[in-house]
Structures are given as C-alpha cells and as structure tokens.
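Visitor: Under full-length UniProt numbering, read the sequence shown as residues 1 to 132, first letter to last. Cβ atoms here follow ideal geometry from the backbone N, Cα and C, with glycine treated the same way.
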Amino acid sequence: MLTYMLDTNICIYVMKTYPPAVREKFNALAEQLCISSITLGELHYGAEKSARRVENLNAIAHFVARLEVLPFAGKAAAHYGQVRAELERAGTPCGPHDMQIGGHARSEGLIVVTNNMREFARMPGVRAENWL
1 MLTYMLDTNI
11 CIYVMKTYPP
21 AVREKFNALA
31 EQLCISSITL
41 GELHYGAEKS
51 ARRVENLNAI
61 AHFVARLEVL
71 PFAGKAAAHY
81 GQVRAELERA
91 GTPCGPHDMQ
101 IGGHARSEGL
111 IVVTNNMREF
121 ARMPGVRAEN
131 WL
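1) Any idea if M1 is buried or exposed, counting beta-carbon neighbours within 10 angstroms, 16 or more meaning buried?
2) Just mark T92 as buried or exposed, buried being the case when its beta carbon has 16 or more other beta carbons within 10 Å.
3) For the beta strand (DSSP E) that contains L70, what are its first and last residues?
4) Grab me the residues of Q100's own chain with a C-beta within less than 8 Å of its C-beta, minus the 5 sequence neighbours each way, in chain order.
5) Expressed to the nearest angstrom, what Euclidean distance is found between the alpha-carbon atoms of M15 and C94?
6) Give a yes or no on whether the C-beta atoms belonging to N9 and N130 are separated by under 8 Å.
7) Which whole-angstrom value is the C-beta distance of M123 and L70, which I expect to be below 8 Å?
8) What distance in whole Å lies between the Cβ atoms of V83 and V113, which are believed to be in contact at a cut-off of 8 Å?
9) Could you compute how far the alpha carbon of S50 sits from the alpha carbon of T3?
10) Under a three-way DSSP split, which group does M99 fall into?
11) Consult DSSP for C34 and reduce its assignment to one of helix, strand or coil.
12) When the Cα atoms are used, what is the spatial distance from D22 to F120?
This is the structure we're talking about:
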C-alpha cells in the first residue's frame, strides 16, 4: 500500500549522496514509496540538460525501478487547481511543480517526503515529512 510520494529534491539528494539513514528507511518502506509523473519529468529534464546526461539518465532508471510512478491525471489536476488557487488567494504561491506534486499527493491521500518543507507546509491539506 502506498503511503509516501517522494518530491523531486529528495530524489535528487538520495541519488547523489545516498545517505545510510535514508537508504535504510527507503529499503524498509520500499513498497510504500512512489513518485508523481511530474517528478519523473523533472528528473529527466535535469538529466537532459546536464553535462553527464547518460550517467544521470541511468541513475534515474535505477532509482525509479523500485518505485511506482503515479500518473498525474484528472483527480490530481483538480487538487492542484485547488491548492494553487488557495495559495494565490493567500498571497503565498509556490513553484508550479511543487504545487502539482503537493496536489497529486493530496489527491491520493499520500504524504510528501521532501527536503523543502517551507513550500509544502503552506499547501492546504498536504501532509509532508522531511527524512533528512
């Protein structure tokens, strides 16, 4: 059963440094972890523009192999629209991809795992944890 949706920044951090404490947690909770197709797109974008394109694309493939990738579809889009509108009304908008990931996680009842609590903590109804 899925419980956690990994944010892009936590994926990048883990792929680059793979700290033992986080590695153990990922291994223990492997069946509960997923990423949004939005995150996968961001990871690919970063790899495509990097100097080490092939190496980074291979790292992404290896990292994502153990994760379920949830498609960003209608329900996620509706939650994203709500989150974005509420944040704009409050005068505290976030980055569009963060709001999409937050809305996607909220639509699935998942907890966002991120190293960017400042953004996700402002999103109404989005639960977030920092494992670092």
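Guide: This is what the structure gives:
1) exposed
2) exposed
3) 68-70
4) S36, I38, F72, A76, Y80
5) 24 Å
6) no
7) About 17 Å; that fails the 8 Å criterion.
8) Not quite, the Cβ-Cβ distance comes to about 18 Å (not below 8 Å), so this is no contact.
9) 31 Å
10) helix
11) strand
12) Correcting the residue identity first, residue 22 is Val in this sequence and not Asp. Using only the alpha carbons, I get a separation of about 20 Å.
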